[in-house]
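Since the structure comes first, as structure tokens, the remarks are kept for the end.
There are 2 protein chains.
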Amino acid sequence: MKIITISREFGSGGRELGKRLAEELGIHCYDHEIIELIAKEHGFDERYVANISEKCIEAAYPTTIGHRFAMPPVQIMDQGFQVAAAQQQIIENFAKQGDCVIVGRCADVILKDYHPLNLFVYADAESKIQRCIDRAPEGEHLSRNDIARRMKQVDKNRAQYRQMFADSKWGAKETYHLCVNTSGHQIKDLIPGLAAFVRCWYGEK
Amino acid sequence: MKIITISREFGSGGRELGKRLAEELGIHCYDHEIIELIAKEHGFDERYVANISEKCIEAAYPTTIGHRFAMPPVQIMDQGFQVAAAQQQIIENFAKQGDCVIVGRCADVILKDYHPLNLFVYADAESKIQRCIDRAPEGEHLSRNDIARRMKQVDKNRAQYRQMFADSKWGAKETYHLCVNTSGHQIKDLIPGLAAFVRCWYGEK
Chain A
1 MKIITISREF GSGGRELGKR LAEELGIHCY DHEIIELIAK EHGFDERYVA NISEKCIEAA
61 YPTTIGHRFA MPPVQIMDQG FQVAAAQQQI IENFAKQGDC VIVGRCADVI LKDYHPLNLF
121 VYADAESKIQ RCIDRAPEGE HLSRNDIARR MKQVDKNRAQ YRQMFADSKW GAKETYHLCV
181 NTSGHQIKDL IPGLAAFVRC WYGEK
Chain B
1001 MKIITISREF GSGGRELGKR LAEELGIHCY DHEIIELIAK EHGFDERYVA NISEKCIEAA
1061 YPTTIGHRFA MPPVQIMDQG FQVAAAQQQI IENFAKQGDC VIVGRCADVI LKDYHPLNLF
1121 VYADAESKIQ RCIDRAPEGE HLSRNDIARR MKQVDKNRAQ YRQMFADSKW GAKETYHLCV
1181 NTSGHQIKDL IPGLAAFVRC WYGEK
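Sequence order for the protein chains is A and B. At position 134 of the first sequence the residue is numbered 134 (the working numbering), and the sequence of numbers has no breaks. One rule links them: number in the working numbering = place in the second sequence (from 1) + 1000.
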């Protein structure tokens, strides 16, 4: 069974890479579906789930708590764990259904026993900023500095979120089987090569 | 023009990967040839050149100097730089001759202006130790601990040697375009996928 997990730096094109790689391999890609399912099953708002599952449980505290060192109310803490548990179950269910690509959400950790092929997608800062600018929704005009700050924050959150589940470090090459630097390349141009690598990895000629 | 540089952890199979990848792509692979040429042109012993060009200039001091803090005699220091300069020239000459794979020797730094595709090959400690045991010359019986120690030392030397030429860090994924974890895999099984990736990288279908 082919299970490919994609971890990625913000702006590196990892999401697009996951989607296109799955298409090329003719298998499912799960990305936002995970958020949608959790939100639906637990009656949460999708953005709230995305916040928790991409950031860390602390991100689930309402910002009105204000004081940084305040202990989170038990209920909110619980919700964070609820989301994490739901995420784990949903990702495992996806994996059980057969070959797939899963983007983000610590799938490499959650599916450890399934021996997934774990990819990490990264790029240099300039490429990532340019990618964010090129893909910004119409009417959104963030400066390069704003984007760089956001990039740093999202990646920090991803690293922290991972740390809650695993000893291995987010973004450290030892954690992954293949790390792909997308700087200066169109994602679509790399897909046939990556698909060939995946097939080799799984012993297909 | 395809120029592929291979940097690698000791025992990860990077040398074999470079050789096989070049074969698959139908291009030259330069590895020990570099050492041989330097030795021949400058009348040095091959092992001496290998020591310098894989380690650092300090490795060129005769061990009889003994005292760690002694300044190296100018002549010996000069020889270290001579080897480094010869290496640079030889590697540039190889690159000018056309498509090739170059293993080690900071080729990624030396050939920066040629925009090579830089691969890093790594593996987990257990896989690397096992690979060393499997490939040890007949009659060599090093313990796992001995191998682990040697592995650490060689990689440390490689990192230090690189530091003399470049700001970017040996082994840090940012330094490379693709990082391949060979743990638990036969190198030969990964080659068709890696060759396909190389072709995509260079815009071939």
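We put the beta carbon where it would ideally sit given N, CA and C, even for glycine.
Below 8 Å, enough C-beta pairs join the region 1085-1096 of chain B and the region 1026-1034 of chain B to call them touching: three or more. A Cβ-Cβ separation of about 5 Å places residue 11 of chain A in contact with residue 131 of chain A under the 8 Å criterion. DSSP places residue 35 of chain A in the uninterrupted alpha helix (DSSP H) bounded by 32-42.
A distance of 8 Å or more separates the beta carbons of residue 1106 of chain B and residue 1044 of chain B.
In the pairwise beta carbon analysis, the region 191-201 of chain A is classified as touching the region 1186-1205 of chain B: at least three pairs are separated by under 8 Å. For residue 154 of chain A, same chain residues with a beta-carbon under 6 Å away, outside a window of 5 residues either side, are 10 in chain order. Between residue 173 of chain A and residue 1173 of chain B, the C-beta gap is smaller than 8 Å, which places the two residues in contact.
Within chain A, the residues whose beta carbon sits less than 7 Å from that of residue 1199 of chain B are 193, listed in sequence order. In the structure shown, residue 48 of chain A adopts helical secondary structure according to DSSP, grouped into three states. In this structure, residue 83 of chain A lies away from residue 17 of chain A, with their beta-carbon atoms at least 8 Å apart. The continuous beta strand (DSSP E) containing residue 119 of chain A extends over residues 117-122. With respect to residue 104 of chain A, residue 6 of chain A sits close: the two C-beta atoms are nearer than 8 Å. Note on residue 1137 of chain B: under 16 other CB atoms within 10 angstroms of its CB, so exposed under the neighbour-count rule. Identification of chain B residues near residue 179 of chain A by a Cβ-Cβ cut-off of 9 Å yields 1120, 1173, 1176, 1178, 1179, 1180, 1181, ordered along the chain. Here DSSP, grouped into helix, strand and coil, assigns residue 129 of chain A to helix.
Judged by DSSP secondary structure, residue 1200 of chain B falls within the alpha helix (DSSP H) whose first and last residues are 1187-1201. Chain A places no beta carbon closer than 8 Å to that of residue 1013 of chain B, leaving this residue out of the contacts. Taken atom to atom, the span from the alpha-carbon of residue 114 of chain A to that of residue 3 of chain A is near 8 Å. The C-beta of residue 158 of chain A has 16 or more other C-beta atoms within 10 Å across all chains shown, which makes the residue buried. Inclusion of residue 1182 of chain B and residue 1127 of chain B in the CB contact set at 8 Å is warranted, their separation being smaller than that value. Proximity of residue 1022 of chain B to chain A, defined by a Cβ-Cβ separation below 8 Å, is not satisfied. Across the structure, residue 135 of chain A and residue 156 of chain A are spaced so that their CA atoms are roughly 22 Å apart.
In the DSSP assignment, residue 8 of chain A falls outside any alpha helix (DSSP H) and within the unbroken beta strand (DSSP E) covering 3-8.
When beta bridges are read from the DSSP output, residue 101 of chain A appears opposite A/4, A/29.
Within chain B, the residues whose beta carbon sits less than 9 Å from that of residue 189 of chain A are 1200, 1201, 1203, listed in sequence order.
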